[in-house]
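Chemist: Okay, handing you the structure first.
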Amino acid sequence: MGRRVLSSFLGLSDYEYCYYTYEGKSSSYTRFIQTAVYELFRGDGPMDVVVFATKEARERNGQDRLKGEERLEGLTTAFQRIAPEANVKLVEMESRQDEQANWRLFDCILNEIREGDTIYFDITHSFRSIPFVALIVLNYARFVKKADIGAIVYGWFEMLGRPVDVKQLPPERRLAPIVNLTSMARLLDWTNGVDQFLRTGDASIIQALTAKENSEVFRNPSSSQTMRNEVKELNQLTKQLDQTEKVIRTCRSLQIDEEVQKFHEQLGRVRSASAEAIKPLVPLLDVMEKKYAMFDDDPIMNSWKAVRWCLDHGLIQQALTMLEENAVTAVCRVLGLDLRNEKARGDVHSAIEILLRDIPKEEWRVRSVERVEQIIDFLSPYKGDLKRFSTLKERRNDINHAGARPQPLKAEKFWPDAEQSFRELGAFFERMSALAKTMQISKENA
């Protein structure tokens, strides 16, 4: 199990004493934001403390020193006074800020993070490029060391005014708030999640983020009911997004229209949100919506577009499976056959194969000769549109049997081959769609 670690930076300034405050609690009177963060975020157990400092900063603020006749308490003494149980480590860093120095700082910070650590990062006294490098390290450590971000905080001492003015304030008025920046940093997580979704269609990161947000909001007693309701709706949205993606990945072709519709409806509810925790996500919601913008209220063309979705996300096996089966479904829709009836679908498969291969009637191996004849009569005008179907069926069998057959297709050939099948069968789906619409209009006018 990983540690809980406070990571921070120490600078050269003559820090003034104050009380730091966070969520209604106040720290001990201190010069150092580090002791305050430790007190206010340690919870029930101690935290390790890692403070990065240049040699000059360590000499100036690491230990007690005299400033004229005034003795300034150093960081080590402050921890001994306020939190003697803390395990404090000062790590020396360079004062240079060029590219190579930044890479060494990257390594320096990363080396202090162990597998599974939860990091509470204080950026109050970081300067120049350090906050940027620190955030990159944190993001990197989450992937390579399974670390987690407990909080990213900033001690807003400046709100008290200039140091010369602060000196005039009595201790009870020296109240500096700690600002929690963690929610802003989580936008990086959302960006990663949306990037994964756009590239692969996998919404698992997005769902995990919203589930975590939902849990944290409901655990926080200060969360308003409005915030809870809106975060709950967001959580429901990403659950639906994940469900829609799973339906496509597992080739549940007859459920796609229903799940996409549910996604759009839930997205509409989330768009009306006004809570600050959700507002930054609105542009990302736009991106997610575009992912399913291709689908409309035409079930036959949607079944063809679902194949496009699979191809765009590298789901070749799913694309081949749905292209073949959805062509059969399109025929069933036009002829009024039960879409889930195996025997009816088997007859459509047989009719297409017989039509394309010109198999003599005496060689037919079908369940219902009469029904197959009717389907062949219906499909005959579209024989040219279906010519790619035989190759498609062969490719689907090849990939489903894991290439364990004579002369399997080379792996790199599947995607372009599937693309060609998708394009060539497009006209067939369009014609079936037009027929279905004509038949629907006729029924409505009857």
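My numbering puts the sequence shown at residues -10 to 435.
Where a beta carbon is used, it is the ideal one built from N, C-alpha and C, also for glycine.
Return yes when the Cβ of residue 184 is within less than 7 Å of the Cβ of residue 198, no when it is not.
Modeler: Contact flag unset, no.
Chemist: Grouping DSSP H, G and I as helix and E and B as strand, with all else coil, what is residue 169?
Modeler: It is a strand residue.
Chemist: Tell me residue 486's beta-bridge partners as DSSP assigns them.
Modeler: Nothing can be reported for residue 486, as the shown portion of the chain is limited to -10 through 435.
Chemist: Tell me whether residue 310 is buried or exposed, calling it buried when 16 or more other Cβ atoms sit within 10 Å of its Cβ.
Modeler: Buried is the call here.
Chemist: Assign residue 390 to buried or exposed, taking buried as 16 or more other Cβ atoms, counted over all protein chains shown, within 10 Å of its Cβ.
Modeler: With fewer than 16 Cβ atoms within 10 Å of its Cβ, residue 390 is classed as exposed.
Chemist: Alpha carbon to alpha carbon, how far is residue 306 from residue 359?
Modeler: Rounded to whole angstroms, residue 306 to residue 359 spans 33 Å at the Cα level.
Chemist: Per the contact definition of three or more C-beta pairs closer than 8 Å, is the region 363 to 378 in contact with the region 403 to 421?
Modeler: The region 403 to 421 is in contact with the region 363 to 378.
Chemist: For residue 287, collect the residues of the same chain with a Cβ closer than 7 Å to its Cβ; drop the 5 residues on either side in sequence, then sort them by chain order.
Modeler: Around residue 287: 422.
Chemist: Here's a check: name, in chain order, each residue in its chain whose Cβ is nearer than 6 Å to the Cβ of residue 61, leaving out the five neighbours to either side.
Modeler: Closer than 6 Å at Cβ, skipping near neighbours: 54.
Chemist: Which two residues bound the contiguous beta strand (DSSP E) that contains residue 371?
Modeler: Taken as a continuous stretch (DSSP letters only), residue 371 belongs to no beta strand (DSSP E), as it is neither H nor E.
Chemist: According to the neighbour-count rule (16 or more other Cβ atoms, all chains shown, within 10 Å of its Cβ), is residue 343 buried or exposed?
Modeler: Residue 343 comes out buried.
Chemist: To the nearest angstrom, report how far apart residue 238 and residue 299 are at their CA atoms.
Modeler: Their backbone Cα atoms lie some 8 Å apart in a straight line.
Chemist: For residue 325, tell me which candidate among 425, 258, -3 has the shortest Cα-Cα distance.
Modeler: When each option's Cα is compared against that of residue 325, the closest is 425.
Chemist: Unbroken beta strand (DSSP E) runs of length 3 or more, entirely within the region 72 to 121: which are they?
Modeler: As far as the region 72 to 121 is concerned, its whole beta strand (DSSP E) runs of at least 3 residues are 76 to 81, 107 to 111.
Chemist: Any idea if residue 293 is buried or exposed, counting beta-carbon neighbours within 10 angstroms, 16 or more meaning buried?
Modeler: By the neighbour-count rule (16 or more Cβ atoms within 10 Å), residue 293 is buried.
Chemist: When the Cα atoms are used, what is the spatial distance from residue 249 to residue 8?
Modeler: Using only the alpha carbons, I get a separation of about 53 Å.
Chemist: Quick check: the Cα distance between residue 191 and residue 231, rounded to an integer number of angstroms?
Modeler: For residue 191 and residue 231, the distance between alpha carbons rounds to 7 Å.
Chemist: Can you give me the C-alpha to C-alpha distance between residue 156 and residue 63, rounded to a whole angstrom?
Modeler: Roughly 18 Å separates the two Cα atoms.
Chemist: With a CB to CB cut of under 6 Å and the five nearest residues on each side skipped, what residues in its chain are close to residue 97?
Modeler: Same-chain partners within the cutoff: 82.
Chemist: Let me check understanding here. Comparing Cα to Cα, which of 218, 131, 396 lies closest to residue 174?
Modeler: Here the closest residue by C-alpha is 131.
Chemist: Could you tell me the distance, in whole angstroms, from the CA atom of residue 233 to the CA atom of residue 255?
Modeler: Whole-angstrom Cα-Cα distance: 12 Å.
Chemist: According to DSSP, is residue 440 helix, strand or coil?
Modeler: Outside the displayed span of the chain (-10 to 435) sits residue 440, for which this structure offers no information.
Chemist: Suppose contacts are defined by Cβ-Cβ distances below 7 Å. Is residue 79 in contact with residue 38 by that definition?
Modeler: Cβ atoms of residue 79 and residue 38: not closer than 7 Å.
Chemist: Considering Cα atoms alone, identify which of 186, 212, 329, 145 is closest to residue 274.
Modeler: It is 186 whose Cα lies nearest to the Cα of residue 274.
Chemist: According to DSSP, is residue 212 helix, strand or coil?
Modeler: Looking at residue 212 - three-state DSSP - the assignment turns out to be coil, as it is neither helix nor strand.
Chemist: So, are the CB atoms of residue 308 and residue 407 less than 7 Å apart?
Modeler: Contact flag set, yes.
Chemist: Taking the C-alpha atoms as reference points, what is the distance between residue 6 and residue 104?
Modeler: Approximately 35 Å, taken between the alpha carbons.
Chemist: Taking the beta carbon of residue 180 as the centre, do at least 16 other beta carbons fall within 10 Å, making it buried, or is it exposed?
Modeler: That one is exposed.
Chemist: Classify residue 313: buried if its beta carbon has 16 or more other beta carbons within 10 angstroms, exposed otherwise.
Modeler: Buried.
Chemist: In chain order, what residues of the same chain lie with their CB nearer than 6 Å to the CB of residue 259, ignoring the 5 residues before and after it?
Modeler: Cβ within range, chain order: 222, 223, 226.
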